[in-house]
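> I'd like to ask some things about the structure below.
Residue numbers (our numbering): 202 to 326.
Laid out in structure tokens, this is it:
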């Protein structure tokens, strides 16, 4: 990754955090959609009087959800978004760590400059 200026890190960190928030929003929307699909499947199972026991109801619910392409796409998208979120969190931590290192390097450079000035003053330059 390219090195950025010390003054640019706060904005980059903010943008990385915003990306995580946007992914969280998308995840929330997908979870609501999944819950709606599951609620509909539960309603259909409850209304089916042919199902005699809990095992039959669970199996029928599973079948309903398994063959629902939109439900499967939503599950796939949740997995993809979780991966994106994990990568975004790693990127945010990377930026934070790089910012900390850049600040330390700037302090070291300043300390070395000050030490050089003091040395020159001592020897009369």
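The beta-carbon is built from N, C-alpha and C at its ideal position, and this holds for glycine as well.
Using the Cβ count rule (16 or more neighbours within 10 Å means buried), how would you classify residue 309?
So residue 309 ends up on the exposed side.
> Under the three-state reduction of DSSP, which class applies to residue 206: helix, strand or coil?
The DSSP-derived three-state label of residue 206 is coil.
> Shorter than 7 Å, the distance from the beta carbon of residue 313 to the closest heavy atom of the ligand ZN, or not?
This structure lacks the ligand ZN; in fact it carries no ligand of any kind.
> Taking all protein chains shown into account, decide if residue 301 is buried (16 or more other Cβ within 10 angstroms of its Cβ) or exposed.
exposed
> Are the stretch 256–272 and the stretch 213–224 in contact at 8 Å, needing three or more beta carbon pairs?
The stretch 256–272, when compared against the stretch 213–224, does not touch it at the 8 Å Cβ threshold.
> Exposed or buried, residue 280, counting other C-beta atoms within 10 Å across all chains shown (16 or more means buried)?
exposed
> Counting beta carbon pairs with one atom in the stretch 226–243 and one in the stretch 269–279, are three or more of them shorter than 8 Å?
yes
> Using the three-state DSSP reduction, which class does residue 253 fall into: helix, strand or coil?
coil
> Quick one: what's got a C-beta closer than 7 Å to residue 285's C-beta in the same chain, skipping five residues either side?
Closer than 7 Å at Cβ, skipping near neighbours: 224.
> Taking 7 Å as the limit between beta carbons, can you name the residues of its chain near residue 243, skipping five residues before and five after?
262
> Three-state secondary structure (DSSP) at residue 268?
coil
> List the whole-angstrom C-beta distance separating residue 213 from residue 266, where the pair is believed to meet the contact cut-off of C-beta under 8 Å.
Not really, about 41 Å apart at Cβ, beyond 8 Å.
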